[in-house]
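Undergrad: Chains as they are written, first to last, in the numbering used here: chain A, 1 to 808; chain B, 1 to 219; chain C, 1 to 188.
In this text, a Cβ means the ideal position worked out from N, Cα and C, and glycines have one as well.
All figures in this text were calculated on a predicted structure; none of them were measured in a lab.
Structure incoming, see below.
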């Protein structure tokens, strides 16, 4: 989230799209209700009417996979009617930047497309540069290649009629949302967009989110209280586990994983440290070398020296362009290319798409180590229904894991608050926390290398490691230490003392930090700030519910990101009633500002608000995404349509997929699979349900797999409420109980009726008679940027079941 | 002065925190339930669920979907009919605490026998009490008497994220209910407080009781 | 620093006044008997965090004699103000579920059952497998002769259930081994 949970109360318009906030973040919905109490418009745009819709002013049903069309229509509406926040757009965004001449867009394809490789040459989308290498900026917007003019042209095709035809949303409903949300384009109004997996789980996931960036920048809603783009993160610590990068493509703190082209730290830094020609751009990533060296120092301690490149050479290097994400892992596994591995606290045999392939893939492993609270569809895959254990080779180690109340440490909530939890009781039986598994395991591996030698023992043996895990010690390591006596300002820190903030990190090896964004969370001066329980606020902070003294928030306790955009060039808040920061008497008050510099009116020292962007401006046009510099509508990989109104390019030209015998895809408008399936979680179960199905009081509330469908579809198929139903896709077959409801209605799409059904994915065979994985139906087509699969839209058919075997 | 609850259904998201928290606090065992084409589970109050959230959907006059949620529980009536009936058979089987206003089923209810127990159940205008076949006692919400005796809120109220449920002095709750009603009426002109004079659990309903539950209101 | 940790005895929202046993009136005896002892009597309050969604509602765990007796929302946590959803409300029974795994289990190749093992044996087995796989398969140079030091044939999946500290431990260990196939729920 750019903002945080409590801040939602400050919104004048809450657009919930791609999320079912009341069901999946029920307690946070308190703040949506508070916004409503203050008179905010609440809108829910989603394929089905849910418990979220029930509390909103209105619900707009949207065909799954058409969010870009819906939002593209809003962008067009804003530009056509001049509803944008002019001063904000002119001063703080790249609207006036001139795009290079190589950029073009033609019938659904951007310039630079290589059909054979399914890839774009993104250099074709570069900005025009001046003699100093900086961007060419035309504040008059007269240049037809100004970003704002290209946007205008691009989205002029997103007329109400076109959008309505594709999304299945009536033009009245489109305008209802557009009018209410665009009313926040005024300086003293704020609108928030709340999204979740309903946006990410598409072959155009990143571009769904980019649309919200375009809208929020146009309306001046980034950086302000009650604004922002708010990803309602799912898992308890998915914010933290992303920050700490349990991901192939990142190192902790949002650094790219080294690849083979960057053989030295200098090469790495050169490739990953942007340089700006704009004097008033903070270009915060210019600090990357300090954070990278401090990370290496954290990992290798005294073994990391300037002479040995801080042990950079030991780090694994990816092959450039290769994808090592889980969908690729599973495909390689299916083809027998992996020997063994660890699956901890995740249940892929229920939650990953195209589960039949996933289950068959897992059979190919020689060994598997799992750590869980309970048996799951993953741990017990070898004895799943229809499998003969006597023919399953995989050796499985199943390690009992500790429950939250049985361990201590920190987690990071969706608003980036770092919260400490104490250990209440000892772990059940012999259960252990994950670190008490990995620390001794790694020590055993070290002992083997010490005793026997082996290939490349150095990274293992030289590592700055520990004999026994202590959470508090690692909270400190994450914050970081001085490794040499160092003077910061007037204060001298001794070797071994904690760094006060990331401003103190250096590239010379005198500091360490396992994650620079957390530097400052645990200091000599104030101790472990994640334990803070102080609710005091200044009146200015209290006016927006900032709670700066409760726990701590990354970065540097800044509660609202890009908050320099909440003030004008003189540092005066756009909305004084709900000010985030303000420049008063030569200093900032309110939240921790995005950098200490004075406001932009100070031509010498002032800085632009988007400090993480190279040139300091919010980016409408971006050459980063693999699938284009501006979001464009494409159908899901499986679609009930054979064509659409926006271009000849039916689906994304660059989405990722696999083509094994178990990766079947229905062709467009396949009459065998005419119905759109969308999948979701539900309040009473947690994601794949691996934990909550084992909690009897929760299973009681939602005991079995269901399929929600309209009365119209049920009539067509001769299905009554409560009947057993078989749902089939090109990949699998799933049993469910029919839930026939007015909450789902047929869509009219380009003149034809399209039915949509919805199913939760919380059920699996290890819980007797509750049903089995819905994801046996879903597709392994993935977003080209994130490789997140399109679990939210695929095509299926269904019929009434004669008998049920999975549900009883 | 007795205590009262306000249950403002226009704020409820049916997260069922109240339903589950009640079971957890009371250590009630789970029922073996089935999916029957509804989210409402267990389908009804039972000896192991003193509180359930009821779901009801319909289309309004403009064709828009309305989905109503009704966290159902004992109303702790100001003049409890159940107690009147029970008193005739086994005095003390049901008591009313004059201070808190809680209507409490005691262990003496086991002495009622099936016939009298059924008469008590039938007497309830809201169809609340259930007979536990194991203990032979009547079961229902007790206003978390143990918690309120310690100055704590009933667990359902404590757990509610959206402010649907509020608990406090009756006078203050009635004032709050009136205030909320006035505000809700701007959007839902048919909104009303169900049986407000007769109950200590005051439901704010946005429309006719039929759109919630057969026993949502008596009058 | 102002601490505002409200005790439950005072921690009720405006308009709610404490009710003591002495105030209960004419049914005092019965009501007293009825109310009985509260189950969290004398228990220690430990602050934890609900392990489900990223609202991260803080929770109070009531612990007596080393055993968990109840859980409920932390009324001071500004985000939740003491509230919980169905999942958060069920924390106690999740902790105490009889389905919990209690000991390391081992399933041998082609076996049809789990066997209980001790930790030391289990971790020794895994350490040996990891070392063998690494020594045999780590790729020191790629096809172009560039140093890559990567181990491709084992993988790590998980987990956002881990604390930040556990994540840091896992990431460091995996990169030390050279693992590149590392991923978790952030991509699901």
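(1) Buried or exposed for residue 214 of chain A, please, with buried defined as at least 16 other CB atoms from any protein chain shown within 10 angstroms of its CB.
(2) State the Cα-Cα distance for the pair residue 181 of chain C and residue 694 of chain A, rounded to the nearest angstrom.
(3) For the stretch 150-171 of chain C, which residues have a beta carbon sitting closer than 9 Å to at least one beta carbon of chain A?
(4) Can you give me the Cβ contacts of residue 591 of chain A inside the same chain, cut-off strictly under 8 Å, excluding the 5 residues immediately before and after it?
(5) Please classify residue 439 of chain A as buried or exposed, where buried requires at least 16 neighbouring CB atoms within 10 angstroms.
(6) Whole angstroms are fine: how far does the CA of residue 460 of chain A sit from the CA of residue 258 of chain A?
(7) I'd like the list of long-range same chain contacts for residue 112 of chain A, defined as Cβ closer than 8 Å, with 5 residues on each side in sequence excluded.
(8) Name the one or two DSSP bridge partners that residue 550 of chain A has.
(9) For residue 147 of chain A, count neighbouring Cβ atoms within 10 angstroms of its own Cβ and tell me buried if that reaches 16, exposed if not.
(10) Between the Cα of residue 728 of chain A and the Cα atoms of A:674, A:739 and A:764, which residue gives the shortest distance?
(11) With which residues is residue 299 of chain A paired in a DSSP beta bridge?
(12) If you measure from the beta carbon of residue 241 of chain A to each beta carbon in chain C, is any gap under 8 Å?
(13) Could you please give the first and the last residue of the uninterrupted beta strand (DSSP E) stretch that includes residue 411 of chain A?
(14) Which one or two residues does DSSP pair with residue 358 of chain A in a beta bridge?
(15) DSSP puts residue 64 of chain C in a beta bridge; with which residues?
(16) Just checking my contact of residue 423 of chain A with residue 410 of chain A at CB under 8 Å: how many whole Å lie between their CB atoms?
(17) Can you tell me the Cα-Cα spacing of residue 50 of chain C and residue 431 of chain A, whole angstroms?
(18) Against chain B, does residue 821 of chain A count as a neighbour if the rule is that its beta carbon must be under 8 Å from one of theirs?
(19) Let me make sure I understand the geometry here. Which of A:63, A:640 and A:77 has the alpha-carbon closest to that of residue 156 of chain A?
(20) In the DSSP assignment, the alpha helix (DSSP H) including residue 484 of chain A goes from what residue to what residue?
(21) Below 9 Å between beta carbons is the criterion; list the residues of the stretch 7-36 of chain B that meet it against any residue of chain A, in chain order.
(22) Can you confirm whether residue 43 of chain C, when its beta carbon is compared against all beta carbons of chain B, has any partner nearer than 8 Å?
(23) May I have the straight-line CA-CA distance separating residue 585 of chain A from residue 292 of chain A, to the nearest angstrom?
(24) Nearest by alpha-carbon distance to residue 334 of chain A: which of A:697, A:720 and A:661 is it?
(25) I want to know whether the stretch 395-406 of chain A touches the stretch 363-382 of chain A - three or more CB-CB distances under 8 Å.
(26) Can you check DSSP and say which residues form a bridge with residue 795 of chain A?
(27) Near residue 42 of chain B, what residues of its chain come up, given a Cβ to Cβ distance below 7 Å and the 5 sequence neighbours on each side ignored?
(28) From what residue to what residue does the alpha helix (DSSP H) around residue 809 of chain A run?
(29) Could you spell out the range, first to last residue, of the alpha helix (DSSP H) harbouring residue 268 of chain A?
(30) Pick helix, strand or coil for residue 758 of chain A, following the three-state DSSP scheme.
(31) Identify the contact partners of residue 104 of chain C in chain A, using a Cβ-Cβ distance below 8 Å as the criterion.
(32) Look at residue 187 of chain C and residue 325 of chain A and say whether their C-beta atoms are less than 8 Å apart.
(33) Which value, in whole angstroms, describes the spacing of the CA atoms of residue 118 of chain C and residue 435 of chain A?
(34) Does residue 650 of chain A get closer than 8 Å to chain B when you measure Cβ to Cβ?
(35) Can you tell me whether residue 667 of chain A is buried or exposed, with buried defined as 16 or more other CB within 10 angstroms of its CB?
(36) For a contact defined as C-beta to C-beta under 7 Å, what are the partners of residue 697 of chain A on chain B?
TA: With the structure as the only source:
(1) Translated into the one-based positions of the first chain, residue 214 of chain A becomes position 214. Buried, by the Cβ-count rule.
(2) For the purposes of this step, residue 181 of chain C is taken as residue 181 along the third chain, with counting starting at 1. For the purposes of this step, residue 694 of chain A is taken as residue 694 along the first chain, with counting starting at 1. When rounded, the distance between both Cα atoms is 30 Å.
(3) 150, 151, 152, 153, 154, 155, 156, 157, 158, 159, 160, 161, 162, 163, 164, 165, 166, 167, 168, 169, 170 and 171
(4) Start at 1 with the first residue of the first chain, and residue 591 of chain A comes out as number 591. Result list for residue 591 of chain A: 541, 546, 548, 558, 559, 560, 563, 580 and 581, in chain order.
(5) In the first chain, counting from the first residue as 1, residue 439 of chain A sits at position 439. When all chains shown are included, residue 439 of chain A counts as buried.
(6) Residue 258 of chain A sits at position 258 when you count from the first residue of the first chain. Residue 460 of chain A sits at position 460 when you count from the first residue of the first chain. Each residue's Cα considered, the two are about 18 Å apart.
(7) Reading the first chain from its first residue, position 112 is the one you call residue 112 of chain A. Once the five neighbours on either side are set aside, the close Cβ partners of residue 112 of chain A are 102, 120, 121, 122, 123, 124 and 125.
(8) Start at 1 with the first residue of the first chain, and residue 550 of chain A comes out as number 550. Note: residue 550 of chain A sits in a beta bridge opposite A:533.
(9) One-based indexing of the first chain puts residue 147 of chain A at position 147. Answer is buried; the Cβ neighbour count reaches 16.
(10) Against the first chain, residue 728 of chain A aligns to sequence position 728. Among A:674, A:739 and A:764, the Cα nearest to that of residue 728 of chain A belongs to A:674.
(11) Numbered from 1 along the first chain, position 299 holds the residue referred to as residue 299 of chain A. Answer by DSSP bridge pairing: none, since residue 299 of chain A is not bridged.
(12) Reading the first chain from its first residue, position 241 is the one you call residue 241 of chain A. It does: the Cβ of residue 241 of chain A has a partner Cβ on chain C nearer than 8 Å.
(13) The count along the first chain starts at 1 and reaches residue 411 of chain A at position 411. Residues 409-412.
(14) Locating residue 358 of chain A in the first chain gives position 358, where the first residue counts as 1. Per DSSP, none; premise fails for residue 358 of chain A.
(15) As a first step, residue 64 of chain C must be located in the third chain, where it is residue number 64. Answer is C:67.
(16) Taking the first chain and counting its residues from 1, the one referred to as residue 423 of chain A is at position 423. Taking the first chain and counting its residues from 1, the one referred to as residue 410 of chain A is at position 410. About 13 Å; that fails the 8 Å criterion.
(17) The residue given as residue 50 of chain C occupies position 50 in the third chain. The residue given as residue 431 of chain A occupies position 431 in the first chain. Looking at the two C-alpha atoms, the distance is approximately 19 Å.
(18) For residue 821 of chain A there is no data in the structure shown, the boundaries of chain A being 1 and 808.
(19) By 1-based counting over the first chain, the position of residue 156 of chain A is 156. Minimum Cα distance to residue 156 of chain A is reached at A:77.
(20) The residue given as residue 484 of chain A occupies position 484 in the first chain. Looking at the DSSP string, residue 484 of chain A is not in any alpha helix (DSSP H), and its letter there is neither H nor E.
(21) 10, 11, 12, 13, 14, 15, 16, 17, 19, 20, 23, 24, 28, 29, 30, 31, 32, 33, 34, 35 and 36
(22) Looking up residue 43 of chain C in the third chain gives position 43. So, not an interface residue.
(23) Stepping through the first chain from its first residue, residue 585 of chain A is reached at position 585. Stepping through the first chain from its first residue, residue 292 of chain A is reached at position 292. Their backbone Cα atoms lie some 37 Å apart in a straight line.
(24) In the first chain, the residue the question calls residue 334 of chain A occupies position 334. Out of A:697, A:720 and A:661, A:661 has the C-alpha closest to the C-alpha of residue 334 of chain A.
(25) yes
(26) Here residue 795 of chain A is taken as the residue at index 795 of the first chain, counted from 1. Per DSSP, A:676.
(27) As a working mapping, residue 42 of chain B is identified with position 42 in the second chain. Excluding sequence neighbours, residue 42 of chain B sits near 31, 33, 49 and 52.
(28) The structure shown does not extend to residue 809 of chain A, since chain A is modelled only from 1 to 808, so the question has no answer here.
(29) In the first chain, counting from the first residue as 1, residue 268 of chain A sits at position 268. Residue 268 of chain A -> alpha helix (DSSP H) spans 265-272.
(30) Indexing the first chain from 1 puts residue 758 of chain A at position 758. Note: residue 758 of chain A maps to strand in three-state DSSP.
(31) On the third chain, position 104 is the one that residue 104 of chain C refers to. By Cβ distance, chain A contributes 397, 398, 399, 400 and 430.
(32) On the third chain, position 187 is the one that residue 187 of chain C refers to. On the first chain, position 325 is the one that residue 325 of chain A refers to. Yes, the Cβ-Cβ distance between residue 187 of chain C and residue 325 of chain A is below 8 Å.
(33) As a first step, residue 118 of chain C must be located in the third chain, where it is residue number 118. As a first step, residue 435 of chain A must be located in the first chain, where it is residue number 435. C-alpha separation (whole angstroms): 17 Å.
(34) Position 650 of the first chain, counted from the first residue, corresponds to residue 650 of chain A. No, residue 650 of chain A does not count as interfacial toward chain B.
(35) Here residue 667 of chain A is taken as the residue at index 667 of the first chain, counted from 1. With fewer than 16 other Cβ atoms within 10 Å, it is exposed.
(36) For the purposes of this step, residue 697 of chain A is identified with residue 697 of the first chain, where counting begins at 1. Ordered by position in chain B, the residues that pass the 7 Å Cβ test against residue 697 of chain A are 20, 23, 24 and 30.
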